[in-house]
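Protein chains: 2
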Amino acid sequence: MQKPSIPKGTRDFGPAEMVRRKYIFSVIEKVFQKYGYVPIETPAMENLSTLLGKYGEEGDKLLFKILNSGDFLNGIDRQKLTESEGNKIALLISEKGLRYDLTVPFARFVVQHREEITFPFKRYQIQPVWRADKPQKGRYREFFQCDADCIGSNSLLNELDLLQIISEVFAELKIRVLVKLNNRKILAGMAEVTGQADKLTDLTTAIDKVEKIGYEKVVEELKARGLTPAGIQKIVPFLTMKGTAAEKTDLLRKLLQQSETGLKGLEEMARLFDMSRAIKLPFEPEFDVSLARGLNYYTGTIIEVKAVDVEIGSICGGGRYDDLTGIFGMPGISGVGISFGADRIYDVLDQLNLFPEKVAQTSDVMVVNFEEKEQLFYLDIVKQIRSAGIKAELYPDAVKLKKQFSYADARNIPFVIIAGGDEIASGQLSLRNMKNGEQEKLTITEIISKLNHR
Amino acid sequence: MQKPSIPKGTRDFGPAEMVRRKYIFSVIEKVFQKYGYVPIETPAMENLSTLLGKYGEEGDKLLFKILNSGDFLNGIDRQKLTESEGNKIALLISEKGLRYDLTVPFARFVVQHREEITFPFKRYQIQPVWRADKPQKGRYREFFQCDADCIGSNSLLNELDLLQIISEVFAELKIRVLVKLNNRKILAGMAEVTGQADKLTDLTTAIDKVEKIGYEKVVEELKARGLTPAGIQKIVPFLTMKGTAAEKTDLLRKLLQQSETGLKGLEEMARLFDMSRAIKLPFEPEFDVSLARGLNYYTGTIIEVKAVDVEIGSICGGGRYDDLTGIFGMPGISGVGISFGADRIYDVLDQLNLFPEKVAQTSDVMVVNFEEKEQLFYLDIVKQIRSAGIKAELYPDAVKLKKQFSYADARNIPFVIIAGGDEIASGQLSLRNMKNGEQEKLTITEIISKLNHR
Chain A
1 MQKPSIPKGT RDFGPAEMVR RKYIFSVIEK VFQKYGYVPI ETPAMENLST LLGKYGEEGD
61 KLLFKILNSG DFLNGIDRQK LTESEGNKIA LLISEKGLRY DLTVPFARFV VQHREEITFP
121 FKRYQIQPVW RADKPQKGRY REFFQCDADC IGSNSLLNEL DLLQIISEVF AELKIRVLVK
181 LNNRKILAGM AEVTGQADKL TDLTTAIDKV EKIGYEKVVE ELKARGLTPA GIQKIVPFLT
241 MKGTAAEKTD LLRKLLQQSE TGLKGLEEMA RLFDMSRAIK LPFEPEFDVS LARGLNYYTG
301 TIIEVKAVDV EIGSICGGGR YDDLTGIFGM PGISGVGISF GADRIYDVLD QLNLFPEKVA
361 QTSDVMVVNF EEKEQLFYLD IVKQIRSAGI KAELYPDAVK LKKQFSYADA RNIPFVIIAG
421 GDEIASGQLS LRNMKNGEQE KLTITEIISK LNHR
Chain B
455 MQKPSIPKGT RDFGPAEMVR RKYIFSVIEK VFQKYGYVPI ETPAMENLST LLGKYGEEGD
515 KLLFKILNSG DFLNGIDRQK LTESEGNKIA LLISEKGLRY DLTVPFARFV VQHREEITFP
575 FKRYQIQPVW RADKPQKGRY REFFQCDADC IGSNSLLNEL DLLQIISEVF AELKIRVLVK
635 LNNRKILAGM AEVTGQADKL TDLTTAIDKV EKIGYEKVVE ELKARGLTPA GIQKIVPFLT
695 MKGTAAEKTD LLRKLLQQSE TGLKGLEEMA RLFDMSRAIK LPFEPEFDVS LARGLNYYTG
755 TIIEVKAVDV EIGSICGGGR YDDLTGIFGM PGISGVGISF GADRIYDVLD QLNLFPEKVA
815 QTSDVMVVNF EEKEQLFYLD IVKQIRSAGI KAELYPDAVK LKKQFSYADA RNIPFVIIAG
875 GDEIASGQLS LRNMKNGEQE KLTITEIISK LNHR
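Residue numbers (the working numbering), protein chains in the order written: chain A, 1 to 454; chain B, 455 to 908.
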C-alpha cells in the first residue's frame with residue numbers, strides 16, 4: 001500500500017512546528033489585544049459571488065471552488081457541459097469558494113453586520129487562506145494571515161497604533177526590522193507635478209522596483225511605459241532623494257508645490273513622523289517615496305516592514321484604504337490595516353535561532369513507569385505535580401528504562417523522575433536532568449519547588 | 455444592492471462570541487498540555503482518496519469536494535459528462551475534499567510521518583471540520599472539533615489520563631457532568647453469552663437507545679432485529695441492572711462467565727474504576743452497559759460525558775480503538791481518544807450563564823480623546839498604561855463625549871480616563887467606572903495600580 005499524502009502546496013504541522021507557530025501567533029495576538037483590537041472569524045467557505053471579481057482576473061482563477069453538494073447536476077442542461085468553457089461550467093456546478101484573503105471576508109462581514117458593529121471597529125483575524133497558486137519554495141496553497149484593521153476612523157492615531165503594534169511585536173520576537181513609510185497621495189502628487197496624472201499606475205509600478213533594479217533601470221522602464229522625457233526628468237529628484245525624514249519632507253514640500261493632493265499626503269506623513277517621535281517609537285521609520293505596495297489598493301499611508309538580518313522580502317505590510325466596503329454597497333468607510341506574514345516570520349526566527357528554548361518543550365517532567373506494582377504511587381505524584389500547574393506525564397507502560405528515556409529525549413522533556421521501591425520507602429526520589437544526565441535525590445515537595453522556579 | 459451573506463450552515467463569529475469561544479478552547483488546550491498532549495494541525499484539504507470510504511456511503515455524500523484548479527476539464531472525455539452519474543463525474547473533476555473529522559486526517563498523519571513520531575504519541579488537535587449535512591438548529595456545515603488521542607500504548611493509564619482531563623476541563627468551566635463508561639468487550643460478551651455473537655451490531659444499536667425509549671421498547675426492537683426470545687431473555691438482566699459500579703461488576707462477572715472476551719472487558723473496567731478511586735477522581739463514573747457510541751468503531755473502553763444541568767446530548771465522548779491506521783496500511787496501532795464538542799459546551803455555558811465576566815471585556819480602559827490639542831498627552835498616558843501590561847486604547851477622534859462613551863459601553867470597556875487641560879495641569883485625571891458612572895480623581899500612577907489590582 002502506498003503511503004498516504006496530502007495535496008501539493010499544503011502542509012502538516014507536527015508538534016515541534018506547532019508550538020513555534022503558536023508562539024508567533026500568541027505574541028501577535030497579545031499585542032493586538034493590548035491595543036484594543038478584538039477578534040473575529042469568518043467561515044472558510046464564502047459564496048463565490050462574494051469572492052469573484054475582487055482579486056482581478058488572475059485572482060478569480062486562483063480561487064478554490066467547491067462542488068455543490070447533493071446532486072450537483074440537478075437542473076443543469078447536460079448539453080452545456082459538453083459545449084461551454086471550463087470557467088462557465090465551474091460556475092454552473094459550484095457556488096462556494098474558499099476564502100482567498102481576510103480582507104474581502106472582513107468587508108463582507110462589516111456590511112452584513114453593520115447594525116451590530118460599533119465604529120470605529122478595530123478587529124484582528126488570524127485564519128488560513130487558500131490560493132490555487134503554483135506551489136514553490138515559500139509559497140503554499142494554504143497559509144495563515146494575521147490581519148489587524150481599524151475601520152470607520154480617519155485619524156492618523158490609528159496609523160500610529162499600528163506602528164506601535166509593529167514595534168512591540170518585533171521587539172518581543174527579537175527581530176530587528178526596518179519600517180518603511182510612504183503615502184499614496186505623494187505618489188499621486190508625483191504623477192500630477194510631472195503632468196502625467198493618468199500614468200499613476202505605470203509610474204508606481206516602475207518606481208516600486210527602484211530598490212531591486214536600480215534607478216537607471218527604472219528610468220528605462222518609465223520610458224518604455226510611455227512617460228514623457230520631461231516627465232521622467234521631474235521624477236528623478238524624487239528617486240535620488242537622500243537624508244532623514246525631515247530633510248526629505250523639506251525637499252518634497254518644494255517638489256510637490258503644485259499638487260494639492262501631494263501636499264496633503266506630505267502633511268499626513270509629517271504629522272505621523274512627528275507623533276512617532278513624540279511617543280518615542282523605538283525606531284525611526286524610513287520615508288521611502290518609491291514604496292507603493294499593491295498599487296491601486298491603498299489611498300493614504302503605506303507601511304512595509306523588512307527584517308534587517310535576513311533577506312526574505314517584507315514580513316509585515318499594510319496601509320490606509322478609503323473604500324473597503326463599497327464593493328458590497330456600503331461606501332465611504334475608510335480604514336487602515338496591517339498584515340503579518342507568519343510563514344516568513346517563522347523562517348526569520350528559525351534562521352536567526354530566535355525561538356525561545358522554552359517554546360520547544362512539551363511536558364516539564366516525566367515520571368518513569370519503573371515498577372508496575374508502584375503505579376498508584378506514580379499516579380499520585382504526577383497528580384501532585386500537575387496540581388502545582390506543571391505539565392507532567394507518567395509513561396503509560398512499564399517498559400525498559402532505555403525506551404522511556406529515549407521517549408523523554410525525543411519529546412524534549414527536560415526532567416524525569418525515577419522511583420523504585422527503595423526510593424519510595426525513603427521518600428527521596430531521583431530527579432534526572434535529561435540534558436546533562438545529572439541526577440539528584442529530592443522529596444516530591446523539593447521537586448515541585450525546583451520545577452516551579454525554573 | 456443586496457446585503458452580502460454567507461453559505462447556509464456556516465457562521466461568522468463576532469468579537470463577543472470569539473472571546474467566549476477562545477475561552478473554551480484555551481481551557482481545553484491548557485489541560486491537554488498539562489497532561490503531556492502536544493498539538494498538530496493538518497491541512498483543510500485532503501486528497502479524496504484519503505477521505506472516501508472512511509465514513510460509510512452516507513459520509514461519502516457529505517464530503518465537500520473541491521473542483522480541480524486550472525483547466526479542470528482538461529483531458530476529460532466531455533461525453534462522459536453527459537452520460538455518467540453525478541458521483542462519478544464529481545470524481546473526474548475533483549481530487550481534493552475538505553476534512554470531515556480530525557480522526558482520519560490524524561490516522562493519515564501518523565502513517566505519513568511514522569518515522570518522525572515517537573510512540574506513544576499523545577496529540578491534540580483543535581480545528582474546524584466540514585460536512586455537507588442539512589443545516590438545522592445546532593448542526594452546522596463548519597464546526598470545530600477538539601480531539602485528544604494517545605496512540606501506540608495499550609495501557610489503561612491513558613484512559614485514566616483522559617478521565618482526569620475530562621474532570622479538569624469541566625471543573626475549570628464549572629459545568630457539572632455525568633461521565634458514563636462502558637467497554638466494547640462487555641457488549642461483545644453479552645452477544646456471546648446470548649448465543650448471538652453475529653448479532654452484535656443489532657444488539658448494540660438497540661440497547662444504546664434504552665435511556666431514550668425505555669427497556670420494553672428495546673426488547674421489541676431486539677425482536678424485530680431477529681434476536682431469539684431465549685437470547686433476549688438473557689439480555690434483560692443486563693438492561694435492568696442497578697447499583698454502584700462495584701455491584702454491577704459483581705453481577706456482570708456471573709452474567710459473563712461464559713465469555714472470555716466479556717470477562718476481559720469487565721476486568722479492564724474494574725481496573726479503571728479502581729484506579730479512578732485510588733487517584734480520587736472528583737466524580738464516580740457511571741458504569742452503563744448499554745453505552746455503545748459509534749457502534750463498530752470502538753474496541754475497548756467507551757466514554758461519554760453529559761451536562762447535568764442542561765439537556766443537550768453528550769458534550770464529550772470517546773473510547774479505545776484497536777486499529778486506527780490499518781486503513782492506511784499500518785496495522786496494529788491501538789489508541790484511545792476523546793473529543794470535546796465545543797459548540798454544545800458553548801451553549802451549556804451560555805444557558806447557565808457560566809462565562810466569566812472577565813471574558814466579555816475587550817480593553818481594560820479607554821482614554822477619552824477630549825481635546826485635540828492634548829493628543830500627545832493622551833498618547834503618553836495610554837503608552838504608560840500599556841507598558842504595565844494593561845489593554846488600553848485612545849479613542850482615535852476628538853468627537854463628542856457622548857459618542858466616545860457609547861463606544862466604550864458597546865465594547866464593554868469597564869473604565870475610561872477623561873482629562874482636559876485643567877486635569878492635565880494638576881496631574882489629577884478623572885477615572886470613570888462605566889458600570890456605575892462613578893468618577894474619581896487619580897494620578898496616572900494610581901490609575902495603573904488600580905487597574906492592575908482588579
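We treat Cβ as the ideally placed atom computed from N, Cα and C, and that holds for glycine.
Give me, in chain order, the residues of the same chain whose beta-carbon lies closer than 7 Å to that of A44 of chain A; leave out the 5 immediate sequence neighbours on both sides.
Residue 44 of chain A sits at position 44 when you count from the first residue of the first sequence. Answer for A44 of chain A: L98, R99, listed in chain order.
Could you give the residue range of the alpha helix (DSSP H) that holds D652 of chain B?
Here residue 652 of chain B is taken as the residue at index 198 of the second sequence, counted from 1. D652 of chain B: not part of any alpha helix (DSSP H); DSSP gives it neither H nor E.
Three or more C-beta pairs under 8 Å: does that hold for the segment 599-607 of chain B against the segment 776-791 of chain B?
Flag = yes, the segment 599-607 of chain B and the segment 776-791 of chain B touch.
Excluding the 5 residues flanking D801 of chain B on each side, which residues of the same chain have their C-beta closer than 7 Å to its C-beta?
Taking the second sequence and counting its residues from 1, the one referred to as residue 801 of chain B is at position 347. Its chain contains I766 as the residues whose beta carbon lies nearer than 7 Å to that of D801 of chain B, once the 5 sequence neighbours on both sides are disregarded; these appear in chain order.
Endpoints, beta strand (DSSP E) assigned at F624 of chain B:
As a working note, residue 624 of chain B is residue 170 in the second sequence. Unbroken run through F624 of chain B is the alpha helix (DSSP H), 611-627; no beta strand (DSSP E).
Closer than 7 Å by beta-carbon distance: list the chain A residues that pair up with F467 of chain B, in chain order.
Against the second sequence, residue 467 of chain B aligns to sequence position 13. Neighbours of F467 of chain B on chain A, chain order: I40, E41.
Would you kindly report the start and end of the unbroken alpha helix (DSSP H) that includes L535 of chain B?
Walking along the second sequence from the start, residue 535 of chain B turns up at place 81. Counting along the chain, the alpha helix (DSSP H) containing L535 of chain B begins and ends at 532-537.
Enumerate in chain order the residues of its own chain whose CB-to-CB distance from Y351 of chain A is below 6 Å, with the five nearest sequence positions on each side excluded.
Numbered from its first residue, the first sequence carries residue 351 of chain A at position 351. It is Gln, not Tyr, that sits at residue 351 of chain A in the sequence shown. Excluding residues within five positions, the ones whose Cβ falls inside 6 Å are V310.
Whole angstroms are fine: how far does the CA of P7 of chain A sit from the CA of N501 of chain B?
Here the question's residue 501 of chain B lines up with position 47 in the second sequence. Here the question's residue 7 of chain A lines up with position 7 in the first sequence. Spanning the two alpha carbons is a distance of roughly 6 Å.
Please state the DSSP three-state secondary structure of E570 of chain B.
Here residue 570 of chain B refers to the residue found at position 116 of the second sequence. The DSSP-derived three-state label of E570 of chain B is coil.
Determine whether the Cβ of G540 of chain B lies closer than 7 Å to any Cβ atom of chain A.
For the purposes of this step, residue 540 of chain B is identified with residue 86 of the second sequence, where counting begins at 1. Yes, contact with chain A.
Inside the segment 730-789 of chain B only - beta strand (DSSP E) runs reaching at least 3 residues
755-761, 768-775, all fully within the segment 730-789 of chain B.
Helix, strand or coil: which one does DSSP assign to I6 of chain A?
If you number the first sequence from 1, residue 6 of chain A lands on position 6. Looking at I6 of chain A - three-state DSSP - the assignment turns out to be coil, as it is neither helix nor strand.
To the nearest angstrom, report how far apart A814 of chain B and V473 of chain B are at their CA atoms.
Within the second sequence, residue 814 of chain B is the residue found at index 360, counting from 1. Within the second sequence, residue 473 of chain B is the residue found at index 19, counting from 1. Taking the CA atoms as reference points, A814 of chain B sits about 7 Å from V473 of chain B.
Would you list, in sequence order, the uninterrupted alpha helix (DSSP H) runs of no fewer than 4 residues that lie entirely inside the segment 89-133 of chain A?
At a cut-off of 4 residues, the continuous stretches assigned as alpha helix (DSSP H) that sit fully inside the segment 89-133 of chain A are 103-112.
Helix, strand or coil: how does DSSP classify G75 of chain A here?
On the first sequence, residue 75 of chain A is found 75 positions in, with the first residue counted as 1. Of the three classes helix, strand and coil, the one that applies to G75 of chain A here is coil, per DSSP.
Does the Cβ of D288 of chain A have 16 or more other Cβ atoms within 10 Å, making it buried, or fewer, making it exposed?
In the first sequence, the residue the question calls residue 288 of chain A occupies position 288. It counts as buried.
With three or more C-beta pairs closer than 8 Å as the rule, is the segment 821-840 of chain B touching the segment 647-666 of chain B?
By the Cβ test, the segment 647-666 of chain B is not in contact with the segment 821-840 of chain B, since fewer than three Cβ pairs between them sit closer than 8 Å.
Mind pulling the chain A residues with CB within less than 7 Å of S523 of chain B?
Indexing the second sequence from 1 puts residue 523 of chain B at position 69. The answer, in chain order, is F64, A132.
Counting contacts by CB-CB distance shorter than 7 Å, is L51 of chain A in contact with chain B?
Translated into positions along the first sequence, residue 51 of chain A becomes position 51. No, because no Cβ of chain B sits closer than 7 Å to the Cβ of L51 of chain A.
Rounded to the nearest angstrom, what separates D876 of chain B and F273 of chain A at their Cα positions?
For the purposes of this step, residue 876 of chain B is identified with residue 422 of the second sequence, where counting begins at 1. For the purposes of this step, residue 273 of chain A is identified with residue 273 of the first sequence, where counting begins at 1. Roughly 28 Å separates the two Cα atoms.
Determine, using beta carbons only, whether T194 of chain A and K234 of chain A come nearer to each other than 7 Å.
The sequence position of residue 194 of chain A within the first sequence is 194, counting from 1. The sequence position of residue 234 of chain A within the first sequence is 234, counting from 1. Going by beta carbons, T194 of chain A and K234 of chain A fall inside the 7 Å limit.
DSSP state of R638 of chain B mapped onto helix, strand, coil:
As a first step, residue 638 of chain B must be located in the second sequence, where it is residue number 184. Here R638 of chain B sits in helix by DSSP.
For I494 of chain B versus R630 of chain B, is the C-beta distance shorter than 7 Å?
To locate residue 494 of chain B, count along the second sequence from 1; it is residue 40. To locate residue 630 of chain B, count along the second sequence from 1; it is residue 176. R630 of chain B is positioned such that its CB atom lies no closer than 7 Å to that of I494 of chain B.
The alpha helix (DSSP H) enclosing S903 of chain B, as first and last residue numbers
Sequence index remark: in the second sequence, residue 903 of chain B carries index 449 (1-based). Residue range 898-906 is occupied by the alpha helix (DSSP H) that includes S903 of chain B.
Residue range of the unbroken alpha helix (DSSP H) whose run includes R475 of chain B
Sequence index remark: in the second sequence, residue 475 of chain B carries index 21 (1-based). Boundaries of the alpha helix (DSSP H) around R475 of chain B: 469-488.
Starting from A498 of chain B, trace the beta strand (DSSP E) both ways and give me its first and last residue.
Position 44 of the second sequence, counting from 1, holds the residue named residue 498 of chain B. Looking at the DSSP string, A498 of chain B is not in any beta strand (DSSP E), and its letter there is neither H nor E.
Taking Cβ positions, are I844 of chain B and D863 of chain B nearer each other than 7 Å?
By one-based count along the second sequence, residue 844 of chain B stands at place 390. By one-based count along the second sequence, residue 863 of chain B stands at place 409. Not in contact: I844 of chain B and D863 of chain B (Cβ atoms no closer than 7 Å).
Hey, T755 of chain B and E613 of chain B are a contact pair by Cβ (cut 8 Å); roughly how many whole angstroms apart?
Your numbering for residue 755 of chain B matches position 301 in the second sequence. Your numbering for residue 613 of chain B matches position 159 in the second sequence. Yes, T755 of chain B and E613 of chain B are in contact; Cβ-Cβ is about 5 Å, under 8 Å.
Buried/exposed call for E483 of chain B, threshold 16 Cβ in 10 Å
One-based indexing of the second sequence puts residue 483 of chain B at position 29. Under the 10 Å beta carbon count, E483 of chain B is surrounded by 16 or more other beta carbons and is classified as buried.
Does P282 of chain A pass the burial test, meaning 16 or more other C-beta atoms within 10 Å, or should it be called exposed?
On the first sequence, position 282 is the one that residue 282 of chain A refers to. P282 of chain A should be labelled exposed.
Nearest by alpha-carbon distance to Y751 of chain B: which of B:T536, B:N637, B:Q599 is it?
Within the second sequence, the letter at position 297 stands for residue 751 of chain B. When C-alpha distances from Y751 of chain B are compared across B:T536, B:N637, B:Q599, the shortest belongs to B:N637.
Do the CB positions of V111 of chain A and T299 of chain A come within less than 7 Å of each other?
Taking the first sequence and counting its residues from 1, the one referred to as residue 111 of chain A is at position 111. Taking the first sequence and counting its residues from 1, the one referred to as residue 299 of chain A is at position 299. Contact flag unset, no.
For chain C, check one thing: does any of its Cβ atoms lie closer than 7 Å to the Cβ of Y861 of chain B?
Considering every chain present, this structure includes no chain C. Its protein chains are A and B.
Check whether chain B comes within 7 Å of M269 of chain A, counting only Cβ atoms and requiring the distance to be less than that.
Walking along the first sequence from the start, residue 269 of chain A turns up at place 269. False, the Cβ-Cβ gap to chain B never drops below 7 Å.
Quick check on the DSSP output: the beta strand (DSSP E) that includes V915 of chain B runs from which residue to which?
Past the boundaries of the shown model lies residue 915 of chain B; chain B is included only from 455 to 908, so the question cannot be answered.
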